[in-house]
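Going by mature numbering (1 follows the signal peptide of the UniProt record, and there is no 0), the letters in the sequence shown line up with residues -17 to -1, 1 to 198, in that order. All residues carry an ideal CB built from backbone N, CA and C; glycine is no exception. Note that the coordinates shown come from a computational prediction; the quantities given were computed from them, not determined experimentally. Here is the structure we will look at, set down as structure tokens.
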Amino acid sequence: VLGFAFFFCFIMSTSTGSYVYFQFVQQWPTTTCILRKKCSQPRPLQIFTIHGLWPSNYSNPTRPSNCIGSQFNFTKVYPHMRTKLKRAWPDVESGNDTQFWEGEWNKHGTCSEERLNQMQYFERSYAMWRSFNISEILKNASIVPSATQKWSYSDIVAPIKAATKRTPLLRCKQDKKTQLLHLHEVVFCYEYNALKQIDCNRTSACGNQQTISFQ
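Following this line, the structure appears as structure tokens:
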């Protein structure tokens, strides 16, 4: 009976979109292109771009997902917003921006639809992206793409925290051939309504290595 109760709660959480906070995830396109050996542009964008806005839970930040809700409707992404999202939220792998937006909404956006409808979801994401320019923040701290120089986790977090007044989360990807750890994503956390930024209090996904590559 107890096992069934836990299973029922898990299913309900997944289908109805029970969440506590949002992860606003931005990616560094170059890392995606280097490690996946796939990129829509010969030279990746030299700015952090949106990966997604994810309703999350502290016990399992990958949940909820694929909730019951309205599926993506392209007409609800108005032309003026499409133009903005093509720069802020491009599909850096295949170049199919609309398909990328559709996937993010259907997997994550549906789980917070009671709070943010589709139009609000993309508008809020764009506003978050505009709030802080991570590339410029790092540049002002003399952290710029380099094939040779490496940085520590705290080197990268410190200027972002100083600018936002909140603790971000870094995610890295490891090159299996070189074992080099590449900065891949910067996560900002927001409270339940996706209005107020809060500290991200989860463990880093950059391992225990002291050096991180930012190319």
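Legend entry - Exposure label - I(-7); buried when at least 16 CB within 10 Å: Confidence at I(-7) is low in this model, with a pLDDT of 42, below 50, so its placement is unreliable and no value can be given for it.
Inset, instruction - Just the C-alpha distance for P47 and W134, rounded to the nearest angstrom, thanks. - result: The alpha-carbon atoms of P47 and W134 are separated by roughly 33 Å.
Inset, instruction - Indicate the three-state DSSP secondary structure (helix, strand or coil) for E94 in the structure shown. - result: The residue asked about is misnamed: residue 94 is Cys in this sequence, not Glu. DSSP places C94 within a helical segment (H, G or I) once states are collapsed to three.
Legend entry - 6 Å Cβ shell around A(-13) - same chain, five flanking residues per side excluded: Because A(-13) sits at a pLDDT of 40, beneath the cut-off of 50, its placement in the model cannot be relied upon, and the following sentence gives the value as read from the coordinates. Around A(-13): no qualifying Cβ.
Inset, instruction - Have a look at S125, Y136, S114, A130 and flag the residue whose alpha-carbon is nearest the alpha-carbon of K148. - result: Measuring from the Cα of K148, the nearest candidate turns out to be S114.
Legend entry - R19 classed as buried or exposed, judged by whether at least 16 other C-beta atoms fall within 10 angstroms: So R19 ends up on the exposed side.
Inset, instruction - Determine the burial state of I51: buried for a count of at least 16 other Cβ atoms within 10 Å of its Cβ, exposed for fewer. - result: Counting other Cβ atoms within 10 Å of its Cβ, I51 stays below 16 and is therefore classed as exposed.
Inset, instruction - Can you grab the Cα-Cα spacing for the pair A130 / R70, in whole Å? - result: If I take the Cα positions, the gap works out to 25 Å.
Legend entry - Cβ distance (whole Å) where W88 is taken to contact W72 below 8 Å: Contact between W88 and W72 fails: their C-beta atoms lie close to 11 Å from each other, not under 8 Å.
Inset, instruction - Please go through the segment 72 to 117 and give each complete beta strand (DSSP E) segment of 3 or more residues, from N-terminal end onward. - result: Within the segment 72 to 117, no complete beta strand (DSSP E) run reaches 3 residues.
Legend entry - Where the beta strand (DSSP E) through R154 begins and ends: In the DSSP assignment, R154 falls within the beta strand (DSSP E) that extends over 152 to 157.
Legend entry - Residue closest to T81, alpha-carbon to alpha-carbon, out of H91, T93, G92, L68: Measuring from the Cα of T81, the nearest candidate turns out to be L68.
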